[in-house]
Amino acid sequence: MYNTILYEIGGPDNAVCTISMNRPDQRNAINVELAEELLDALTRVRDEEGVKVVVLTGAGKSFCAGGDLSVLPTFNHYSVVDWMGRTGQDIVRAIAENEKVVVAKVRGHCIAGGLELALACDLIYASERTKFGVTEITMGILPGWGGTVRLARCLPIFRGREILLTGRKDYTAAEFYDMGLLTRVYPDEEFDAKVDEMIAVLCANPSDSLRMGKAVLNYSFQGLPWDAAMAIEREAIAWLFHSEHTTNLRAIALQALEAMKKQEQGG
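Each residue of the sequence shown is one higher than the last, beginning at 0 in numbering that gives the first Met the number 0.
Shown next, in the form of structure tokens:
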């Protein structure tokens, strides 16, 4: 179905969809076809009812080296605007607004547009040898897929400025973790096993509470006033309390309490 990505469902109870950018010889650099297929896959996975977690990763030795520079000479002003302002931003929006938990599994290179994809995810797990950077400024352009926005919101502004304005492409995983941009960093030889462990932990939780937890945090991240954010949290808890899963748990809890009372009374 796809030429430049792999779309696989598996993991605990088939609750994991792995979407792999599949241009390993180009370090998974994003061309027009990959961008369109990635957007299609991220849209498609919304309807996978049994899936709780989406893993976004890259085939081969790299996550993603950013945009494929070989396509740039074919663009005119209008196609560049469409590429940056529509396709790219639609992709990162499809990640951030996806009801599933989206995990970036990052190794090798995570540069420019690749880093913007990772920053749109809910969790970022990286191997210790991964190199990061926002390099667009060295080519006379700027990130166009939400990079400037997320750097400003996720970091102290002086850190964000340095990453953007220097154009460094050799930030280490340790540096990014210390800044707070990564969830976890694992040794290369343990990377796959450790990420699988964390994904299993996520999949053990109910779909509804995962979905609502992600949504509530995202609303707060967008800078809502305190009262508005608290109101959303309150409504989410109220909705979850009456969901099918929670109703079943309440019934089990009540049965357990009744059994305890009978035991205490010698019944």
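Using N, Cα and C, we set each Cβ at its ideal position, and we do this for glycine too. Just so we're clear, the structure is a prediction, and the values are computed from it rather than from any experiment.
query	result
Please classify Tyr1: does DSSP put it in a helix, a strand, or coil?	coil
Helix, strand or coil, according to DSSP, for Gly57 in the structure here?	strand
Considering only residues of the stretch 95-156, which uninterrupted beta strand (DSSP E) runs meet the minimum length of 3 residues and lie entirely inside it, listed in chain order?	100-105, 108-110, 122-126, 130-132
For a quick check, are the C-beta atoms of Ile18 and Val53 less than 8 Å apart?	yes
In chain order, what residues of the same chain have a beta carbon less than 7 Å from the beta carbon of Gly66, not counting five sequence neighbours either side?	Ala28, Ile29, Ala111, Gly112
Near Val184, which residues of its chain fall below 6 Å by C-beta distance, leaving aside the five closest residues on each side in sequence?	Ala125, Glu127, Ala172, Tyr176
Go ahead and pull the three-state DSSP assignment for Glu7.	strand
Just confirm the distance between the C-beta atoms of Asp121 and Val100, as a whole number of angstroms; I'd bet it's less than 8 Å.	5 Å
Who are the near neighbours of Lys213 in its chain, counting only those whose CB is closer than 7 Å to its CB and skipping five residues on each side?	Val100, Asp121
If we call anything under 8 Å between Cβ atoms a contact, is Thr137 one with Gly107?	no
Would you mind sorting Leu144 into buried or exposed? The rule is 16 or more other CB atoms within 10 Å of its CB.	Reading off the sequence, residue 144 comes out as Trp, not Leu. Classification of Trp144: buried, given that the 10 Å Cβ count is 16 or more.
Where does Arg210 sit, in a helix, a strand or coil, going by DSSP?	helix
Got a sec? Which residues, its chain only, sit under 8 Å from Ala40 by beta carbon, not counting five neighbours each side?	Tyr1, Ile4, Tyr6, Ile18
With Lys104 and Leu68 assumed to form a contact (beta carbons below 8 Å), what rounded beta-carbon distance in angstroms separates them?	Going by Cβ atoms, the distance from Lys104 to Leu68 rounds to 24 Å, so no, they are not a contact pair.
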